[in-house]
Every structure is written in C-alpha cells, then in structure tokens.
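For the record, the sequence lines run as chains C and P. In terms of our numbering, the first sequence opens at residue 1 and continues consecutively. In terms of our numbering, the second sequence opens at residue 1 and continues consecutively. Built from N, CA and C at the ideal position, the CB exists for glycine as well. Quick notes on the structure that follows.
2 protein chains.
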Amino acid sequence: MTSTLEKIQSVKYEHDKLIILDQTKLPMETFYTKLDTIEDVWDAIFHLKVRGAPAIGIAAAYGLYIAARDIESDNYEEFCMKLKKHSSYLASSRPTAVNLFWALNRMEARAMECRDKSVSEIKVILLTEAHNIRNEDEAMCIAIGENGLKLLANGMTVLTHCNAGGLATAQYGTALAPLYLAKDRGWDIKVYADETRPLLQGARLTTWELSRSGVDVTLICDNMAAMVMKKGIIDAVIVGCDRVAANGDTANKIGTYGLAVLAKAHNIPFYIAGPTSTIDLKTLRGEDIPIEERHEDEITCAFGKRTAPEGIKVYNPAFDVTPHQLITAIITEKGIVTAPFDEGLKGLFE
Amino acid sequence: MTSTLEKIQSVKYEHDKLIILDQTKLPMETFYTKLDTIEDVWDAIFHLKVRGAPAIGIAAAYGLYIAARDIESDNYEEFCMKLKKHSSYLASSRPTAVNLFWALNRMEARAMECRDKSVSEIKVILLTEAHNIRNEDEAMCIAIGENGLKLLANGMTVLTHCNAGGLATAQYGTALAPLYLAKDRGWDIKVYADETRPLLQGARLTTWELSRSGVDVTLICDNMAAMVMKKGIIDAVIVGCDRVAANGDTANKIGTYGLAVLAKAHNIPFYIAGPTSTIDLKTLRGEDIPIEERHEDEITCAFGKRTAPEGIKVYNPAFDVTPHQLITAIITEKGIVTAPFDEGLKGLFE
C-alpha cells in the first residue's frame, strides 16, 4: 500500500473520541469533525458526512458505544433496554444500508451475551467490539481486493460508480480495493469514475482518493458511461453495494442498474464488490429491498445554485436494484460468487 | 397552443435589433440580451446563451445579416468576399450543429443569387431571408409536432433528454412539440425530464418551459432513467438531434446513446425528432460526425461550486452518436421515417 493511502481514515476512534472525515466537505476541504453524542452520529450518517455501507456500520458501532458509555444506570436490564432504544434510533438514519443494522445488531448481541458482567465491564466490551468491527473491515477490504485482483489484469481500464473506496470503509474500500492493490503491484490500471449525481460522490470522493494514491483516474458525467463503453476502452465495471439479496439482486447507488444494462449491451463484465455483511439472505429478491427516496433539493440545488425552477416535481431515489442476471460476479472477502448466485451466496455462510 | 407558450421566443429580431433570451441564466432569471455585433452572436452561440440546433441556425442567420449590414463596401464582389469571411467565422462557434452551417450556407447562397442587385438591396434581402428561416422553423416545429402526435396516445408518459423545446427553436420545439400539441388537445401527457449533465438543459430549460405551459413534468438525474424505465411507467422516449447521418445514425446531446440502449433493453420505442435541415446526407454514418469536446470546467465547477479536485483528468464530449439500429423512428416536418433509414431519409429530399 502507498503510504499516502494509509493516512486516509474516514472514521477513527482516538483518545476516547469518535472522529470522522466530513465527506460532504470534500474535495475542497479535508475537515475532521468530532462526534460527541449519538445525535451527532445519527446526523452525520443522515447527512452523508460519513457514508459508504461499511463506514456507516463502523460509525454506528462507535455511536452505539458512545450512547452506552453515557447510560447512567448500573442495572443490566435497564442498560440493555436503553441500549436497544439507542440502537433503533441509530438504525433510522439510513433505511437501506444493511451494514448499519448488522453493526448495531452485533453490538446489541455482544451486550446480550454479557448478563454476568457489570455494566461498566460491558461498556469496555462494547468499545472493543466497535474496534473489532473497524479492524475486521480493514482486513475484509484487503481480502476483497485480493479476490478482485483475480478478475483483473495489468493494463486494464475499469469504470466505477459512486464511491466504494477507502472513504466508504475502514480503509482501502471494496470496489476500489483491487485497484489500490493493482497500483501497489506496479500494474498499469486506468479508472473512469462516474461523477454520480445527485451528490457527486464519484467526482468529489473517488477521484480525490484515487488521485491522492497516484491511480490514473478520469472523471466523466454519468450519462457519458455508455459512450466510453462504446469506444471499447472499458474492460470491466466494478461497483460497491448497499445490500445484496439472497438471489444476488443488488441494491447500490442510483445509476448502478443502468450501468449494468449498458455493460451487458457492450459485453463488458459487471462486478459487484462488498463484504459478506452486505449480503442479506433474509431478503429473498431485489423487489423486497426498500428504496430510500431523498429530498428534491439534492437535485435542484446541489451545486450551490438553484438549477431547476421552484416548485418543480422531482423524483430522487437514492438507490436502484440490479437484477442478478446482469451481474458477472460478486466479489467478497470470502471469495468470488458467480451464477447461480443463490447457491453461491448461501455457501459463503456455511 | 397555450397563450403562455406563445410568449416564449428564444431568438427574436425586433425594431432592427437581434434579441436573445439568455438561456444560461434560466431558470432563475428571464433575461433578454441584445446582440449588436457578429462577435456578440459568435459568443452567444459558443457560450450556449442561444442553444438548440434550429435556434442556433436562426441566430446565425440574423448574425450574418448584422455583419452584412455593417459591411461598408458597395462593390458586390468585395461584399460577397467579406460575407463569406463572416460566415466562416460564425461557423466556427459550434462544430457539430449542422443547422448552423445550413443557415449560413442558405444566407450566402441568397447573396450569390443577387449579382444583379445593389449591395443595399442585398442587405434587405438577407434580412428577409433570416426572417424566412425563423418563420419556416416555427411552421416546421408545428409540423413535427403533428407528425409526432401520431406516435403518441392520450395518457402516455414520455421521457426526454436535454432541451429540444421551444427554447431550442423558433417556437414549440422539436421533441417537445408533440407534447405541447397533446397538451393543447387536452390529452393527459406526463413527461420525465433528464437533468442532462453537465449543463443541465433538462433541469434548467425543459422543466421551465414545460411547466410554464402546464405540462406535467418530473425532473430526474440522468442516471435515474434506467430505474424509471424498469418501473414500467415510460411509454416512449423522444429526443431532438444535432445531426442525422444518411444511414440514420444520430448525433445528439451526450447521454442520448445510453438512453437508446436502455430503451431497447426495456422495449420502449425511441424517437428522434428534428427538422430535415438536421439531416446531413453527405455524412454517411455516425462515425463520420465530429464530436465536440468541451472544457472540463463544465463538469468540475459547473454551477458556482467546485465539485472535483483541482487538476483531475476529465473527459467531456458534448454529443454522442446513437446508431440507427436503436432508433424506432425519426420524426420530421415532412413525415415519419422508420427503417430502412437510408432510403427513408433520402426520400424526404426527393
């Protein structure tokens, strides 16, 4: 790994403080902010200051620890009841990100196992659990990178959407992890990054972190991906995921589904990369994934200037679902899954 | 036609003055600006203050008249030489828009026919010719609207890209003309408008003019079109065109090709609407159409705020080419052309 990359940490817990890199201020400002309360954490997730399914999970775990730390009761039952309440509150910050629920459930479960411990001991255990979630995520990203690398080759050009990079995880990212590993091995890898409207995570974040690490990246608007594919210069599409259903249908940032259709039309492999915590076997099909709709202002006044008439009707879904038929492979830390996805995904948990 | 619509004129020549509605200031400001010199006209076309292939043609025709008016020589040969020079200069303002060349050639040809007239008579003739170009365009838009209406039905929902509306033409538009006629007939027509990055003509202009005329319009980001199509609510896609090659391949605003691929994947008819002046039989295939690349700032700092890191590589093609195989029909003022397009398009000129 390049030493520059090592320094980018979107969520960190240092000197008893939860600190996040405020991603809404990138790329112009590298601004770290301290989150003191569970409300601060909810707000940071809701307003996308911390974003990316794994990073949200990590922030939520630390957020729940902060809430737990401040519970004044020494009574185990009362502590657990309050913890559950805080957990539900944090879960309401982003309805689609399964890692959020996964991290919160894991924290709650840890507390449930500790009936024989004192509340103050449990608080220490919860902090350790949050650290573990963070450190395991970093190790997972590296494993995803290693697996993804098997699908790439030196000299390839890859298209990505949104930001599934180091900023979205503990470090290294999911979709971007293979690209960082490739760069580290001296491969000549080129990346086209969709800007990703409405919130421009591709323009603001992906180009920022890739170029900081010396990866050759070119920014395009979302509607240019088809033309770039037609030129024959894209060898693969790699994107992250917010939730993978049992059959392989994948919810990810709005625009992913369209890219998958375009990739198929141009015979370009379409890869999803994500940790197994993003796979939700209880959700059978894509149709069962709730799709968050966000405020119209994200579209009509995103660039600091109003860009559409007042009062205009707007449709602003934050995610779409890519049917498994359009997915070439799902890259996880435990291995690469190809069709039939239902069997392959189930197999990861056996 | 609704009376509100009648009032929108993007290019007008009144009291011996060329006046344009500055489309870069929409939707927040309805700002008309006077163009006194050929340099003003070149600048207005180059900076997209006047945009849309037919409106560019109209502005260029008046622009060439203004230049002709100010030629001081009374010598016919000298006048024509200077006129040609001014015409070449105006032609350099937008390399892809064939209407620009078409209008300028028509003006030049008119002057060439008038060897027996005095220069001052020719100046009057050139102004009349520019008026004719404008008035013929309005009549053409209505004819395109009538033809397009044959492909639609009451209750339909249509997706459009960029702005091929009244603002892009003398009045009524090309792709939007059938929608205005439908509205005028009391049909219940709904429109989804792509915002159309980088310059957001859909968000700024299409929603502005449609909603002003009472048409039900919903704004989406370009990367949401695929999801909206998958929901099954889009009955047809209608877009304009900047140049149609002899085989039907069509250059239009970047993003059009991707939409055509998506429409095909969802079994949605994909219509191109444009005047026959946009058809360039001398350009045999889409590959022969030059594609203008524009400045990276349009993507990285389009609306008052920098949205990508400094110095990042950017690819910014203004147009893409949709192969004729993806086009269901090309709607012109002279009729509707379907495959085989080469024969049908040629037939329009016989």
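With its beta carbon at least 7 Å from every one in chain C, D40 of chain P lies outside the interface.
In this structure, the alpha-carbon of S211 of chain P lies about 32 Å from that of W102 of chain P. Under a criterion of Cβ atoms nearer than 7 Å, the residues of chain C adjacent to F303 of chain P are, in order, F303, G304, K305 and T307.
Leaving aside the five residues that flank A111 of chain P on each side, the residues in its chain whose CB is nearer than 8 Å to its CB run, in chain order, A68, F79, C80, L83, I122, I125 and L126. Interface with chain C (7 Å Cβ-Cβ cutoff): K313 of chain P is included. Here the alpha carbons of V119 of chain P and G63 of chain P stand approximately 17 Å from one another. According to DSSP, V11 of chain P shares a beta bridge with P:I20. Per the C-alpha coordinates, the member of P:A245, P:F46, P:K34 and P:I189 positioned closest to F341 of chain P is P:A245. Judged by DSSP secondary structure, V337 of chain C falls outside any alpha helix (DSSP H) and instead within the beta strand (DSSP E) spanning G335 to V337. F270 of chain C carries a strand assignment under DSSP once its states are collapsed to helix, strand and coil. Comparing alpha-carbon positions, the option among P:N163, P:V191 and P:F46 lying closest to R197 of chain P turns out to be P:N163.
With respect to Y271 of chain P, I220 of chain P sits apart: the two C-beta atoms are not nearer than 7 Å. Fully enclosed beta strand (DSSP E) runs of no fewer than 3 residues occupy 270 to 273, 319 to 322 and 329 to 332 of the segment 258 to 332 of chain P, in order along the chain. Closest in C-alpha terms to G202 of chain P, from the list P:K264, P:T218 and P:P290, comes P:T218.
Under the 8 Å Cβ criterion, the segment 169 to 186 of chain C counts as touching the segment 137 to 150 of chain C, having at least three qualifying pairs.
For V50 of chain P, the three-state secondary structure derived from DSSP is coil.
In this chain, the beta strand (DSSP E) harbouring A251 of chain C covers T250 to K253.
Taking 7 Å as the cut-off, the Cβ atoms of D242 of chain C and A61 of chain C do not count as close. In the three-state scheme derived from DSSP, where H, G and I count as helix and E and B as strand, T30 of chain C is classed as coil. Within chain P, R197, I299, T307 and A308 have C-beta atoms less than 8 Å from the C-beta of E195 of chain C, given in sequence order. Boundaries of the beta strand (DSSP E) around T218 of chain C: D216 to I220. Boundaries around Y192 of chain C are those of the beta strand (DSSP E), K190 to D194, since no alpha helix (DSSP H) includes it.
Excluding its 5 nearest sequence neighbours in each direction, R94 of chain P has C-beta neighbours in its own chain below 8 Å: I45, F46, I56, L100 and E292, listed in chain order. In summary, Q325 of chain C is exposed, with fewer than 16 beta-carbon neighbours lying within 10 Å of its beta-carbon over all protein chains present. Along the length of the segment 45 to 97 of chain C, whole alpha helix (DSSP H) runs at least 4 residues long occupy 53 to 69 and 76 to 91, reported in chain order. Contact with chain P is found for T218 of chain C, since one of that chain's Cβ atoms lies less than 7 Å from the residue's Cβ. Apart from sequence neighbours up to five positions away, the residues of its chain that approach D74 of chain P with a beta-carbon distance below 8 Å are S118, V119 and S120, ordered along the chain.
For L199 of chain C, there is no enclosing beta strand (DSSP E), as DSSP marks it with neither H nor E. T157 of chain P is bridged by DSSP to P:K190. Chain order gives the chain P residues near V261 of chain C as A226, V261, L262 and A265, where near means a beta carbon separation below 8 Å. Proximity of W187 of chain P to chain C, defined by a Cβ-Cβ separation below 7 Å, is not satisfied.
Counting along the chain, no beta strand (DSSP E) covers A170 of chain P, and no H or E run does either. Residues A245, A246, N247 and D249 of the same chain have their beta carbon placed closer than 8 Å to that of R285 of chain C, with the five preceding and five following residues left out of the count. Taking every protein chain shown into account, the CB of I279 of chain P has 16 or more other CB atoms within 10 angstroms, so this residue is buried. DSSP places R115 of chain C outside both helix and strand once states are collapsed to three, so it counts as coil.
A direct Cα-Cα distance of roughly 18 Å separates N223 of chain P from I234 of chain C.
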